[in-house]
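First comes the structure, then the notes that go with it.
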Amino acid sequence: MTSPDRILGPILILDDIRDGRMHLAALLIAPEGQDVPAPETGDGPAEMVRLADLAGVTVHRARFSVPLDRPSSYHWNGTDYALAGLPEDGGRLAFVSCNGEEHGDLDRDGAERNAMWARLGAEHDDRPFSLILHGGDQVYADEATHGHPLSEDWPDRIPRDPARADLASLRDHLRARFADRYITLYKAPEFAYLAARVPALMQWDDHDICDGWGSLRRSRTYSPVGQALFEMAREAALLFQHGTVEGDLPARFRDPSGLHLGWSVTAPGLRLLGPDLRSERTRREVMGKGGWQMMEDETRSPCPGRTLVMSSVPLLGPRLSLLELLMVLTPRMQKYEDDLRDQWQSRAHRESWTHMLELMARIADHADQQVTVLSGEIHLAARGEMSLPSGDTLHQLVASGISHRAPPKAWAKVLGALAAFGESPLKGHKIRMARIPGQAQRYIAERNYLVLERSGDNWSAEWEFEAAGRSPALPL
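Add 32 to the 1-based position in the sequence shown for my numbering, that's all there is to it.
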């Protein structure tokens, strides 16, 4: 496992917003045995706890709070770090997803891999961000299973009844491999610069576990090897994405037991919802009982202003049943079936998809309340619209590929052609995949990130593309 030669961090994570303050966790990752100074604010040094010891590495966490409605700062190890705050009539949010690639990600040239992170950091220096929303696939852990006899051939071949000692060895292997990936990515200077200055909210997706988790066959995900993989991925996500451990989830999480990792954060004029689309996922359900109950509860909670819903998999898009049928009938394409089953638009999830859209409509039914969906996952940029019974428009903004290289432009054209037919899972409310301002195609095959800006009661969105540059602002 990679052992840092210095302290990594601070990596800021938003625990919660309450009582007019942003409650933050700061991760500090240090060589085992090294003293780690505590972050300090005007209230004094933060309380430090040791969260985990990982083969020569210790992960520490400090928790402190700062004012929500105005800029502030904290001090650590000789440096002052400015924080933008989140004022009610302003604030800028960044949305990113897909921070990696399936194969050889840790061997890529850092400057190439993190070019868009560097651009985001330069933009923060010019006009600071209040938060960074990470919409899934924070790491690509697909190769974590390599190097152990129980998981080397995952998911194609796995032992049916492995010995208990071998499973314990597998857990140790996976724990080290997951930690190695997070630490390697978190020490990249382009990422680290932002992580120390802009609090993050993260939502996991399949590659944070393995490609297609929840859409693979039950014989794989419910096997002893599959369950060990999920347990270690979840442990790593709690530690490195949320700055916590089992039994210590911050208040934004809806289920303190962590059976699902859905969360909700509310600030004046803004609600951020991050349902968990992986922990309870099966080949027939996108969420389980706990996840659906969280979203039902949110529809009954008036929150005047803007609700931003993070759906790691795009909620608005073309119907994919025809592509699924072709893949099932074509032997060479069957390996991609799980990729399509991952989508809300899969024929297997038609009922779930309709239900989620109905929930979005119910949120928007409240007076003075608008809802916007933020999505990643597809390594393309796109946007969609659906009219709502309230008369408002449900906007979906897709920004995918902060470091994942773009797929062929031909794939973007295929999706664009499918989207031209439209789709109406809610009768009378057709989904339309609209063009991003300044773009000729519906799907854009470039690395990108999204910027959301609030001015009073008004919100707008802009995409930053690797080659095409900045899109004109889209009013929401």
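Every residue, glycine too, gets a C-beta built ideally from N, C-alpha and C. Keep in mind it's a predicted model, so treat the numbers as computed, not measured.
Cα-Cα separation between residue i and residue j, rounded to whole angstroms
i	j	result
L309	H166	14 Å
L100	D237	29 Å
E184	G320	30 Å
G416	H436	22 Å
Q325	S311	14 Å
E478	E79	42 Å
D141	A283	38 Å
A466	L372	21 Å
A220	A143	9 Å
D329	L389	15 Å
R93	G41	10 Å
Q366	Q377	Bear in mind that a pLDDT of 40 at Q366, under 50, signals an unreliable position, so the model cannot answer this.
K462	T298	30 Å
D407	Y475	The sequence shown places Ser at residue 407, rather than the Asp named in the question. One C-alpha to the other measures close to 13 Å.
R266	D240	9 Å
W149	F223	6 Å
H180	H205	7 Å
L340	Y113	27 Å
Simplified DSSP assignment, three categories, for residue i
i	result
W324	helix
S296	strand
F223	helix
P194	coil
I215	helix
T253	helix
G153	helix
G142	helix
Q170	coil
L304	strand
T386	helix
A477	coil
E175	helix
Q471	coil
A147	helix
A449	helix
A232	strand
D85	strand
Buried or exposed (CB count within 10 angstroms, at least 16 for buried), residue i
i	result
V318	buried
Q66	exposed
T111	exposed
E263	exposed
Q259	exposed
A505	exposed
A211	buried
G454	exposed
H178	exposed
D374	buried
S432	buried
H135	exposed
S289	exposed
L218	In the sequence as presented, Leu is not what sits at residue 218; that position holds Tyr. Y218 is buried by the Cβ-count criterion.
R229	buried
E409	buried
R189	exposed
D137	buried
N490	exposed
R364	Only weak support is given to the placement of R364: the predicted model assigns it a pLDDT of 48, under 50, and the value that follows is read from those uncertain coordinates. Its Cβ having fewer than 16 others within 10 Å, R364 is exposed.
R82	exposed
Integer-rounded CB distance, given that residue j should sit under 8 Å from residue i
i	j	result
M342	Q235	5 Å
D47	R95	7 Å
G294	G306	6 Å
D169	C130	5 Å
V516	L347	Not covered by the structure: residue 516. The range shown for the chain is 33 to 508.
V98	R53	7 Å
G275	A413	No, G275 and A413 are not in contact; Cβ-Cβ is about 29 Å, not under 8 Å.
L508	W495	About 13 Å separates the two Cβ atoms, so there is no contact after all.
A208	I43	About 19 Å; that fails the 8 Å criterion.
A268	E498	Their Cβ separation, rounded to whole angstroms, is 29 Å, which puts A268 and E498 out of contact at 8 Å.
beta-carbon residue i near the ligand MN non-hydrogen atom, thresh 7 Å
i	result
G167	Judged by which ligands are present, the structure shown has none, so any question about the ligand MN falls away.
Exercise. Is the segment 103 to 114 in contact with the segment 70 to 80, if contact means three or more CB pairs nearer than 8 Å?
Worked result: yes
Exercise. Quick check: the segment 479 to 486 against the segment 122 to 135, are there 3 or more CB pairs under 8 Å?
Worked result: yes
Exercise. Is the segment 155 to 164 touching the segment 197 to 214 in the sense that three or more CB pairs, one from each, lie closer than 8 Å?
Worked result: no
For this session: Evaluate contact between the segment 144 to 154 and the segment 170 to 180, counting only Cβ atoms and requiring at least three cross-stretch pairs below 8 Å.
Result: no
Problem set entry | the segment 439 to 448 in contact with the segment 388 to 402 per 3-pair CB rule at 8 Å | no
For this session: Give a yes or no on contact between the segment 331 to 338 and the segment 395 to 405, applying the rule of three or more CB pairs nearer than 8 Å.
Result: yes
For this session: Count the CB pairs spanning the segment 54 to 64 and the segment 78 to 89 that are closer than 8 Å, and state whether there are at least three.
Result: yes
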